[in-house]
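Asker:
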Amino acid sequence: MSASGPSKKQCVTCGKGAGIFTCDGCQQAFCTKHVSEHRQELNGQLDNIMQDCDLLQQELLEPSSKKNPVLTKINQWEKDSITKIQAAAETARTTLQELLEQSKERVSKIFRDIAENLRSSHEADDFSEIDLDQWKKKLKELQAEIESPSSATLIERKRAPIYLMKLE
């Protein structure tokens, strides 16, 4: 036999030449013992890829709204707007209560004046039809003011600090 005969493949792991298998994927030669280890390494890599696949599938199944930064901004805008609206409503209620209280105090003073005037005129027996008509008129005016105590009206401000959002 000549020295130039076919060369024997050797295991890339241990260098042995007996029972050699060639991996179709990496084209490396392995002995019987190390071909099993190589296969286990490949199985480990496959397991890792399958775990990555499972994680990706979980992300796909999660609601897309969970991690979207635009949706987070919209949610924050909504909260901020609600807070501003609630503050504006509270200010409007407080202002209205103050107006109603002022109106009530004014009406009460006018009523006390009319009642005192009626009492003193009755005690002095000093009144005429003209006085009676004036007192009736004032009492009707007071009654109307009591029934609709405030002339306050709501004004819609188009340039308010609440802004609308839209997607483009």
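For the sequence shown, the positions run 869 to 1036 when my numbering is used.
For every residue, glycine included, the Cβ atom is placed at its ideal position computed from N, Cα and C.
#1: Could you tell me the alpha carbon to alpha carbon distance between residue 978 and residue 1020, rounded to whole angstroms?
#2: Exposed or buried, which one is residue 938 when buried takes at least 16 other CB atoms within 10 Å?
#3: Just the C-alpha distance for residue 1000 and residue 961, rounded to the nearest angstrom, thanks.
#4: Smallest Cα separation from residue 981: which of 957, 910, 1006 and 1024?
#5: Could you have a look at residue 960 and say whether DSSP puts it in helix, strand or coil?
#6: What does the alpha-carbon distance come out to for the pair residue 943 and residue 953?
#7: Are residue 880 and residue 895 touching if we call contact CB-CB under 7 Å?
#8: How long is the line joining the alpha carbons of residue 869 and residue 916, rounded to whole angstroms?
#9: Run through the DSSP bridge pairs and tell me what residue 897 is partnered with.
#10: Indicate the three-state DSSP secondary structure (helix, strand or coil) for residue 980 in the structure shown.
#11: Return the CA-CA distance between residue 893 and residue 927, expressed in angstroms with no decimal places.
#12: Is residue 1022 helix, strand or coil when you go by DSSP?
Answerer: This is what the structure gives:
#1: What you label residue 978 is simply residue 110 of the sequence shown in a count that begins at 1. What you label residue 1020 is simply residue 152 of the sequence shown in a count that begins at 1. C-alpha separation (whole angstroms): 20 Å.
#2: For the purposes of this step, residue 938 is identified with residue 70 of the sequence shown, where counting begins at 1. Exposed, by the Cβ-count rule.
#3: Within the sequence shown, numbered from 1, the residue matching residue 1000 stands at position 132. Within the sequence shown, numbered from 1, the residue matching residue 961 stands at position 93. The alpha-carbon atoms of residue 1000 and residue 961 are separated by roughly 39 Å.
#4: For this step, residue 981 is matched to residue 113 along the sequence shown. The residue with the shortest Cα to Cα distance from residue 981 is 1006.
#5: On the sequence shown, residue 960 is found 92 positions in, with the first residue counted as 1. Here residue 960 sits in helix by DSSP.
#6: Stepping through the sequence shown from its first residue, residue 943 is reached at position 75. Stepping through the sequence shown from its first residue, residue 953 is reached at position 85. About 15 Å.
#7: As a working note, residue 880 is residue 12 in the sequence shown. As a working note, residue 895 is residue 27 in the sequence shown. Contact flag unset, no.
#8: As a position in the sequence shown, residue 869 is number 1, starting the count at 1. As a position in the sequence shown, residue 916 is number 48, starting the count at 1. Low local confidence applies: a pLDDT of 36 at residue 869 is under 50, so the model's placement there is unreliable, and no value is given.
#9: Position 29 of the sequence shown, counting from 1, holds the residue named residue 897. As a beta-bridge residue in DSSP terms, residue 897 pairs with 890.
#10: Position 112 of the sequence shown, counted from the first residue, corresponds to residue 980. Looking at residue 980 - three-state DSSP - the assignment turns out to be helix.
#11: Here residue 893 refers to the residue found at position 25 of the sequence shown. Here residue 927 refers to the residue found at position 59 of the sequence shown. Going by the C-alpha atoms only, they are around 31 Å apart.
#12: By one-based count along the sequence shown, residue 1022 stands at place 154. Three-state DSSP puts residue 1022 in coil, outside helix and strand.
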